[in-house]
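Quick mapping for you: the protein sequence lines, in order, are chains H and Z. Quick note on the numbering used here: the first sequence kicks off at 464 and runs consecutively. Quick note on the numbering used here: the second sequence kicks off at 2 and runs consecutively. Heads up, the beta-carbon is just placed ideally off N, CA and C, and yes, glycines get one too.
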Amino acid sequence: MSELQPLSQPQQTAEPLLNVQEMQFWLDKAVAWGQADSPDTQKDTCLHLNRLRDFLQQLLTHINNVSSTAETMKKLPLLGQFLGRLCWNPYVTVGDTSRRLLLQCLWGLYSEHPSNAVERKANQWIRKVLCQLATEEDDDVAQALTKRMGVPAQEYHLKVLAKMVALQQETIRKSCCSLSGINQRCSCDSILATSEACVHLIACPEASPLVGALLQRPVTCVKEALSENFLDALGSSCSSQGLSLDEQASVSLWYRCLPSLEEAVLSLLESVTNTASTPQKLQLQVAQSLLPKACAQHSSMFLVVNDIFRSILKQAEGNESIKSLIQTFTRCFLRELALLQPQTSVPLKAFFPQSPPSLLVPLSTVPSEMPQESWRNHLNWLSGSLQRLTEEEEEGDGRSTRRHCAVFEAWFLLVRCAHWVQVAVQLLVTSQPEDCGPLLWLLTFYHHPTNRWHHRAVQLVRAREAWEHLHSLSSARPRPRERLQALVTLLSSQPQPPSLAPSLTLSLLVHFAVFCQLPLSASAEDLQTVVHHSGLLDEAACVLSSLELRLSEGSCLSNDRVHLRIKELQNTITHMH
Amino acid sequence: MEAVLKNLSSTVELLAVAAHSSAVKQWDRHTVSRAFGWARYCEHVFSRFHSNSAIRRVMEQQLQLTNQSLQDVIPGYSKVCFPDLPRLQHLLLLGLLNNPELPISIMKMLFGTRNPVDNTQGQYQDVTGLCSHIIQCKSACKVLSPVTDLSAAGAEVQGAMLVERLGALLSQGSDTRPAEHFLGCVLQGCEGAGQHFCLVIAAALLTTKNSAAQTAPQEFLLDWLQNKHSVLQGLCSALPATLLIDLAKEHNKFRDAYCDVLKKWASDMEYSISEGEWVQTSTIPTVSFQKLTAHFMALFEACPSLRVNTEKELNALKISDGDFDVRGLSVWGDLLSALNE
């Protein structure tokens, strides 16, 4: 036992001792804040609130570590005064976190079994403070009136708060339309003050209509009327504390606060890339993120979101889940834009300033909006235009970054509007050797946008090979079974470049299985064999679902036979697991 | 009915225990939730029966009996009367928080974090975080007060409550005495805060009328004002001009009463030779001649139909004063020329 004693000594001194000077600093602050209710004190409180929370947390740890209240009071004689003052500071007591910490500090000082006068007194004091805090009224007249009218205090305070919120909402609403004359006083200062006050009320559900009203106030003045603190606090509450704003308020927040928009895009990216998801779920996730809707309302937001997508795509050009997110996003966006169309007259060009203008409308047009007979011509034209762009780039000897950019932007647009790539694959099933060239080129370009090491020609040959295997499997009699092995070889990773993207071959394989004229059993068997040997089960299932989704939405060639085949093929694949 | 009376009586006893007895030491969160449940029950009983004078009388008797027996055993017991019933939960909370024997665990629950979902699991509503919510609300009002007028919002809420309460009292029958008594008490409660009382009355009269339930109390309030000259005059001198005009536009009765007050103020004026101006003699809140003219002007602008008749009236009064066009001889003549300047 005697050996243990020296050990416990350093432990006690190592315990984090609270800085007495810091205590004094915060007490001075609390005193100053309590003395005047001017905009300056308000600003100062706002400025220090985060640090104050940290200090209260530190204090709480300290209180809980010290064995008795008497001892705590001996070490920190100013503690009671400090906590007592904070209890009457509305900026501290309105926030969930700061109020919780403050109350916990008070509980920490409460002695369940007081052993001396100091502790008994502290207990009494704590009870008194809490009782006053919850039940004392500042306004005697109001108290007398509510009592007389039989209205409970809690209900009264809720009503007053609701009334204040409503009055302020009205002021904000009026301020929007009162700015018609140039000589009228700009109301931005009062809006600014309101938004400053609302920094503290973000988590208070009763004040949420006011937060919404502030956000939805149209930008009528050159200076931003909402305080940066307000927007920051709102953004961080949305991302970290799960605060949910209503639809229009979220959109307004993103519009006014770039970091919160970036945060929303990144969290969408994270959520879709972290979880393996079906195209149907992905579409739901994207639509629920509200981002496509917001982007359709504000082209500037669309540009930001697109910049994020662009830079991610540059880093991960072959990542299929990123590609399908971008496609899904664009599809949802175009749909939202179409819904807005009668009212807004923002040209499509404003949303896609970097895309080649000649390709913009042809690519962004949804296949279902065009007669099916025209699809092949349309795709041949698209393929030709893109081919010309790439040739121009190559003629420029790769030195012209402008041309290089043009090819990238064209490809980026193709990725976003990949519905046409899917139609191309579908048409390849019914193509003949003489007319499949442009469609194969388009498909190859989609999967291999950069002509790295001048491999495009070889990749084109490989793509044609894949197509020929599938074409002869679906048309030759007797069916050449050796072609199946060749497909498996194409799909497995080849040691020497240039290899063909497996996703290209897979998408051909799946589309042939769905659209060819073979009996379902034969198609299912082929698909099963190839997918099984190449180990691309999940990928094939994904291609099938996204095909199903596209057909169900666009009513493109969606007859019962096709749907039936998709369902059966899905069953085949899922039973292989 | 007997069962209701018994429950009422038991709840009042429960409140006494919560406030005064060391028995609360044994209470846990479920006991507290049940106690609040009973208090809520009595609030409901009140809202159900308060307008039924027969039942009310029986309940008052029952409360009296219970209070009596509690007073006998508990020193310092404050009785619960019938009008207290709608705020029984609040009284229960007050009692608990002031009882030094209340376990700290219950305090912690009341001041804890509110459950995000309003869980009405089980029979009783959760009271966790009740005080926390009250504190948050009060603090939110204070945080908003630099940008929104707290007392104006308070007056509006009180005005709406006043209308509601008056409506309830008036719906009990043709006897308006309870309503008059109530208004008298409210007026008393506002002693020393006359300005605030005026704001509450104005807010009550401006509460949007969406049903007959609001028309009756407002009409009653207007009649009451007309009979209380000093209150009406106080109102006309204390309220901001814009609010008076809003009231005049909303209620013809008020418009006429307001106009009468202005005429009364004028008739109380005497010409002071030393100041060369008409000054108030008797009315306590002094209104200057300029201010009086401004009141008239604003009123005429808002209600043009009033102008013709009033000017006719003023003219008749001027004629009765001798119809001189010389300043300082007739307040009516000077008023007319000021109004037509």
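- Short of 8 Å from the beta carbon of L706 (chain H), and not among the five residues preceding or following it, lie these beta carbons of its own chain, in chain order: I665, A666, L697 and S700.
- Contact annotation: E669 (chain H) and C138 (chain Z) have beta-carbon atoms nearer than 8 Å.
- Going by beta carbons, A249 (chain Z) and A303 (chain Z) fall inside the 8 Å limit.
- For the stretch 994 to 1013 of chain H, the beta-carbon criterion of a distance under 7 Å to any beta-carbon of chain Z is satisfied by none of its residues.
- Around the CB of H525 (chain H), 16 or more other CB atoms lie within 10 Å, so the residue is classed as buried.
- The continuous alpha helix (DSSP H) containing E988 (chain H) extends over residues L983 to S997.
- Around the beta carbon of H31 (chain Z), a 10 Å sphere encloses fewer than 16 other beta carbons of the protein chains shown; the residue is thus reported as exposed.
- By DSSP's assignment, S273 (chain Z) forms a beta bridge with Z:E278.
- Burial state of E314 (chain Z) is exposed, judged by a 10 Å Cβ sphere holding fewer than 16 other Cβ atoms.
- Annotated as distal: V604 (chain H) and A161 (chain Z), with beta-carbon spacing of 8 Å or more.
- Excluding five sequence positions before and after Y619 (chain H), the CB atoms of its chain that fall closer than 8 Å to its own CB belong to A605 and T609, given in chain order.
- At a C-beta separation below 8 Å, P218 (chain Z) has no neighbours in chain H, since its nearest C-beta there lies roughly 12 Å away.
- Here L206 (chain Z) is not near F198 (chain Z), since their CB atoms are 8 Å or more apart.
- By the rule that beta-carbons nearer than 8 Å mark a contact, M536 (chain H) does not touch chain Z.
- Excluding its 5 nearest sequence neighbours in each direction, C795 (chain H) has C-beta neighbours in its own chain below 6 Å: V749, A750 and P755, listed in chain order.
- Residues of the stretch 25 to 45 of chain Z that bring their beta carbon within less than 9 Å of a beta carbon in chain H comprise E44, in sequence order.
- Note on H934 (chain H): 16 or more other CB atoms within 10 angstroms of its CB, so buried under the neighbour-count rule.
- Below the 7 Å Cβ cutoff, chain Z contributes K109 as neighbours of W570 (chain H), in chain order.
- For Q520 (chain H), the enclosing alpha helix (DSSP H) starts and ends at P502 to N528.
- By the neighbour-count criterion, in which a residue is buried when 16 or more other Cβ atoms sit within 10 angstroms of its Cβ, V74 (chain Z) is exposed.
- The criterion of a C-beta distance shorter than 8 Å is satisfied by E856 (chain H) and V870 (chain H).
- At a cut-off of 8 Å between C-beta atoms, Q498 (chain H) does not count as an interface residue with respect to chain Z.
- From the listed residues H:L621, H:D652, H:L624 and H:V623, the smallest Cα separation to I635 (chain H) is found for H:D652.
- One finds R611 in chain H with Cβ atoms closer than 8 Å to the Cβ of C186 (chain Z), taken in chain order.
- Taken through DSSP and simplified to helix, strand or coil, E599 (chain H) comes out as coil.
- A residue is called buried once 16 or more other Cβ atoms fall within 10 Å of its Cβ, and T282 (chain Z), having fewer, is exposed.
- In summary, no residue of the stretch 687 to 712 of chain H has a CB separated from any CB of chain Z by less than 8 Å.
- Exposure of G847 (chain H) is indicated by the presence of fewer than 16 other C-beta atoms within 10 angstroms of its C-beta.
- Between the stretch 823 to 833 of chain H and the stretch 770 to 790 of chain H there are fewer than three inter-stretch CB-CB distances shorter than 8 Å, so the stretches are not counted as touching.
- Buried is the label assigned to A1003 (chain H), since at least 16 other Cβ atoms lie within 10 Å of its Cβ.
- For the C-beta of N99 (chain Z), the chain H residues within less than 7 Å are, from N- to C-terminus, C594.
- For E582 (chain H), same chain residues with a beta-carbon under 6 Å away, outside a window of 5 residues either side, are T532, A533 and S574 in chain order.
- Where R1028 (chain H) is concerned, the enclosing alpha helix (DSSP H) starts and stops at D1023 to H1038.
- Taking 8 Å as the upper bound for CB-CB distance, V888 (chain H) and H974 (chain H) are in contact here, some 5 Å apart.
- The residues G168 and L171, in chain order, have a CB closer than 7 Å to that of A217 (chain Z) in the same chain once the five nearest residues on each side in sequence are set aside.
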